[in-house]
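*Asks:*
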Ligand SMILES: Cc1cc2nc3c(=O)[nH]c(=O)nc-3n(C[C@H](O)[C@H](O)[C@H](O)COP(=O)(O)OP(=O)(O)OC[C@H]3O[C@@H](n4cnc5c(N)ncnc54)[C@H](O)[C@@H]3O)c2cc1C
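Numbering (the working numbering), first residue to last: 13 to 433.
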């Protein structure tokens, strides 16, 4: 699609990830007369991929993605159990009810969402990098680079769905997600794996595996899986080294990878900073990873960011239709998303701080206690996207407190270390 110089549009969206595309789709669905443009810097939506694709089905359905489409075009596997493995190899597992957790082809999801926002009336401009944004005389001005050309665009409402670095939002004075809580990650998609359960995803904890975060094994079928790790930013220079060690030295994983080959490698930053305090300005809304709308415990952000993207699209269209003044509408967006998600996201943020700097012996104890106090019973029907309060309720049970009391000093130490960062 060709973009005219000096074009004036109603709503501009930066980034065609799930949050941006869903914002565009919702605004177009609410009012098909609006001119809406989504700018994506990459040549293709959804590529390069930086995701493991493990997602709660319920949350995805709440984004308005049809179950049939998910099953036929986007989903690659169904997960029935999640196993949590301690540094000493002990583990507990949580069984999920049928099809509650699915593994997706993330590129297909992003492309499907972008296409559905186009069908609703939004225009998507790939290979368009938004270089600069400024607010001037009640309009946002965007400087956009496409190849060697730079163009100016004006819009009434700007939605930034630019991902966790949030460079542009930061450039106009908004706080962005705390960059010290973006965990560098590398993941391989491997083929030729043996000796694993194709319907069980696993998380591996420990300072030799993935200091600060965890390693994961997410099966795609009987012989393939996504295997990755994220580490705390102080170890960022050694991320690949940790992954190689995990693949070839970890007592469980090395048995599976003996004859396996990587067919793909992805990198990225797992967002674990927690929700951003202020996510709007005059005629401006911040959504998705850029607003810290992801789970700090696991780094998952597709469903919550996507839901908030829809809210931003809804309020953007209401502002243009004059149901709200620009400032009222943007403020209402923040009020709505915070009332839906901020308490849960904040609990997850504090949990992340409490567990990021634990020594291995504490991890071993925590996993043993979780198993003996039947964490699986407490968590198996918890909403995967909103698991913060479920975990807190579980941890506050008298039997858990009694068994976990001796770990309190080390958990507190990790928590305070986390806060100093
Ligand atoms: C290794 C890894 C594994 C993950 N696994 C999971 C998982 O299993 N489940 C889950 O739910 N989440 C997972 N996540 C998190 C998930 O990927 C994010 O939460 C999600 O992508 C956020 O969507 P978004 O639309 O806010 O941002 P993004 O998906 O990051 O999209 C932002 C888009 O904006 C574009 N952009 C940025 N700046 C500009 C600019 N200046 N001009 C134009 N375009 C721009 C980018 O190219 C990008 O396409 C994982 C993340 C990583 C790194």
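Glycine is no exception: its CB is placed at the ideal position from the N, C-alpha and C atoms.
In the DSSP assignment, find the alpha helix (DSSP H) that holds residue 29 and state where it starts and stops.
*Replies:* First-last for residue 29: undefined, no H or E at that position.
*Asks:* Can you give me the start and stop residues for the beta strand (DSSP E) that residue 139 sits inside?
*Replies:* Per DSSP, residue 139 belongs to no beta strand (DSSP E) and is neither H nor E.
*Asks:* So what's residue 429 in DSSP terms, helix, strand or just coil?
*Replies:* In this structure, residue 429 counts as helix in the three-state DSSP scheme.
*Asks:* What alpha helix (DSSP H) runs, 4 residues minimum, are completely inside the region 207 to 289?
*Replies:* As far as the region 207 to 289 is concerned, its whole alpha helix (DSSP H) runs of at least 4 residues are 251 to 261, 265 to 269.
*Asks:* Express the C-alpha separation of residue 265 and residue 88 in angstroms, rounding to a whole number.
*Replies:* Using only the alpha carbons, I get a separation of about 22 Å.
*Asks:* Rounded to whole angstroms, what is the Cα-Cα separation between residue 412 and residue 229?
*Replies:* In a straight line, the C-alpha of residue 412 is about 28 Å away from that of residue 229.
*Asks:* Start and end of the beta strand (DSSP E) containing residue 152?
*Replies:* Note, residue 152: beta strand (DSSP E), 151 to 158.
*Asks:* Would DSSP call residue 438 helix, strand or coil?
*Replies:* Lying before the first or after the last residue shown, residue 438 is absent from the chain, which here runs from 13 to 433.
*Asks:* In the DSSP assignment, find the alpha helix (DSSP H) that holds residue 386 and state where it starts and stops.
*Replies:* No alpha helix (DSSP H) holds residue 386; DSSP gives it neither H nor E.
*Asks:* Quick check for students: name the residue ranges of the beta strand (DSSP E) that lie wholly in the region 69 to 142, counting only runs of 3 or more.
*Replies:* Listed in chain order, the complete beta strand (DSSP E) runs (minimum 3 residues) inside the region 69 to 142 are 87 to 91, 93 to 97, 103 to 107, 113 to 116, 135 to 137.
*Asks:* Residue 199 bridges to which residues according to DSSP?
*Replies:* Residue 199 is bridged to 240, 278.
*Asks:* From residue 109 to residue 390, what distance separates their C-alpha atoms?
*Replies:* Residue 109 and residue 390: Cα-Cα distance of roughly 14 Å.
*Asks:* With DSSP as the reference, label residue 351 as helix, strand or coil.
*Replies:* Residue state, collapsed to three classes: helix.
*Asks:* Which runs of the alpha helix (DSSP H), 4 residues or longer, sit entirely within the region 366 to 407?
*Replies:* Qualifying alpha helix (DSSP H) stretches, in chain order: 372 to 384, 387 to 391, 400 to 407.
*Asks:* Check the C-beta distance from residue 26 over to residue 51 and give it rounded, since I have them as a contact under 8 Å.
*Replies:* Confirmed, about 6 Å.
*Asks:* Quick check: the Cα distance between residue 374 and residue 316, rounded to an integer number of angstroms?
*Replies:* Between residue 374 and residue 316, the C-alpha separation is close to 31 Å.
*Asks:* For residue 40, which three-state DSSP category applies?
*Replies:* Residue 40 falls in the helix class under three-state DSSP.
*Asks:* Could you give the distance in angstroms between the alpha-carbon of residue 187 and the alpha-carbon of residue 79?
*Replies:* Going by the C-alpha atoms only, they are around 37 Å apart.
*Asks:* Buried or exposed, going by whether 16 or more other CB atoms sit within 10 Å of the CB of residue 260?
*Replies:* Label assigned to residue 260: exposed.
*Asks:* To the nearest whole angstrom, what separates the beta carbons of residue 274 and residue 196, a pair I think is in contact under 8 Å?
*Replies:* 18 Å between Cβ atoms; not a contact.
*Asks:* Closest to residue 367 by CA distance: which of 45, 214, 243, 151 is it?
*Replies:* Comparing Cα-Cα distances from residue 367 to each of 45, 214, 243, 151, the minimum goes to 243.
*Asks:* Would you say the region 249 to 263 touches the region 109 to 126, given that touching needs at least three Cβ pairs under 8 Å?
*Replies:* Result no; under three Cβ-Cβ pairs closer than 8 Å.
*Asks:* On the DSSP bridge assignment, give the partners of residue 162 in chain order.
*Replies:* Note: residue 162 sits in a beta bridge opposite 157.
*Asks:* Residue 199 and residue 239 - do their beta-carbons sit closer together than 8 Å?
*Replies:* Yes; because the gap between Cβ atoms is below 8 Å, this pair is in contact.
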